[in-house]
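Reading through the structure tokens given below for one structure.
Residue numbers (my numbering): 9 to 320.
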């Protein structure tokens, strides 16, 4: 297998570090929720922490406020052993997301603040050339100045030999200009990115149901993506690359909490990718991590044995 861990940092995750306020009880809508639990959130941050739990060497670049919620997030990173030197404190408040606890697709409402204030100084070449993977999300790309800071850094990262990754987790309430989102996601893919998109995110981004998941694989591969993974919730996942396509069915699991399941999946996928695995095996590792998350309320428990990801 190809050794993809030749640099000091396995993953540089760039984007939102925020507070998720998750309804204490299961709720169909936020209007039904009467109490909330505070947890660390943000897809890039979740991915970073999950990959650290799997033994990967990680760094996070993000923006938070100089407030109590920002301090909570910094302390949480330190407690979990994730370096916080790439997290910038700003005069904007820490971003908050209200989320419904759900066994299906969670509803949410965003109160944006410091997450969008990522600046070029946080992403110097000296950092990029140490990284094997450079990851971001649609949420992170949705607003300036983070948008241009991340896109510019991604181009430099590719020139410096770094592999790009993106979770195309598009939502109109986060990024109202859908055409701009389509354009920028497409531009990112042309750099040979590893792409993850859910069935729901595809429908939100392209405005039509995904009746044929293989069509999504073809779409991103034709744009120039290196590998593509389309997750279908309880219906499994598809992965594709120039070497072919593969379907992986989901397995029965008692679902306790869906929040963060996609981030858990991608952490397993990327960990296997770093180990030199083929896309089908990467999807197996992703499925196992998603199963662990779906069966657990809140963030993942402590360390996860990476050797267990490919065992049925």
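Each residue gets a CB set at the ideal place from its N, CA and C atoms; glycine is no exception.
- A straight line joining the alpha-carbon of residue 260 with that of residue 155 spans about 39 angstroms.
- Pairing residue 280 with residue 38, the inter-Cα distance amounts to about 36 angstroms.
- Between the alpha carbons of residue 104 and residue 72 lies a distance of about 10 angstroms.
- Considering only 142, 316 and 64, the residue with the shortest C-alpha distance to residue 199 is 142.
- Counting only the Cα atoms, residue 99 lies some 45 angstroms from residue 222.
- Assignment of residue 256 by DSSP, reduced to helix, strand and coil, places it in the strand class.
- In the three-state scheme derived from DSSP, where H, G and I count as helix and E and B as strand, residue 204 is classed as strand.
- Taking C-beta atoms under 8 angstroms as the contact rule, residue 122 and residue 182 fail to qualify, at a distance of about 15 angstroms.
- Put simply, the stretch 41-61 does not touch the stretch 152-166. Fewer than three CB pairs are less than 8 angstroms apart.
- Under the three-pair Cβ rule at 8 angstroms, the stretch 280-291 counts as touching the stretch 9-17.
- Distance from residue 70 to residue 134 at the Cβ level is roughly 18 angstroms; contact not present, criterion being Cβ atoms closer than 8 angstroms.
- With fewer than 16 other CB atoms across the displayed protein chains lying within 10 angstroms of its CB, residue 305 is exposed.
- Burial check for residue 86: the Cβ neighbour count within 10 Å stays below 16, so the residue is exposed.
- Here residue 267 is not near residue 22, since their CB atoms are 8 angstroms or more apart.
- Under the 10 Å beta carbon count, residue 33 is surrounded by fewer than 16 other beta carbons and is classified as exposed.
- Restricting attention to 295, 256, 265 and 64, the CA atom closest to the CA of residue 274 is found in 295.
- Judged by DSSP secondary structure, residue 245 falls within the beta strand (DSSP E) whose first and last residues are 245-249.
- Residue 81 and residue 197 have their C-alpha atoms some 31 angstroms from each other.
- In the displayed model, residue 46 falls within a strand according to three-state DSSP.
- DSSP places residue 81 in the uninterrupted alpha helix (DSSP H) bounded by 76-87.
- By DSSP's assignment, residue 98 forms a beta bridge with 73.
- Apart from sequence neighbours up to five positions away, the residues of its chain that approach residue 193 with a beta-carbon distance below 6 angstroms are 176, ordered along the chain.
- Cβ-Cβ separation between residue 17 and residue 109: approximately 34 angstroms, too far for a contact (criterion under 8 angstroms).
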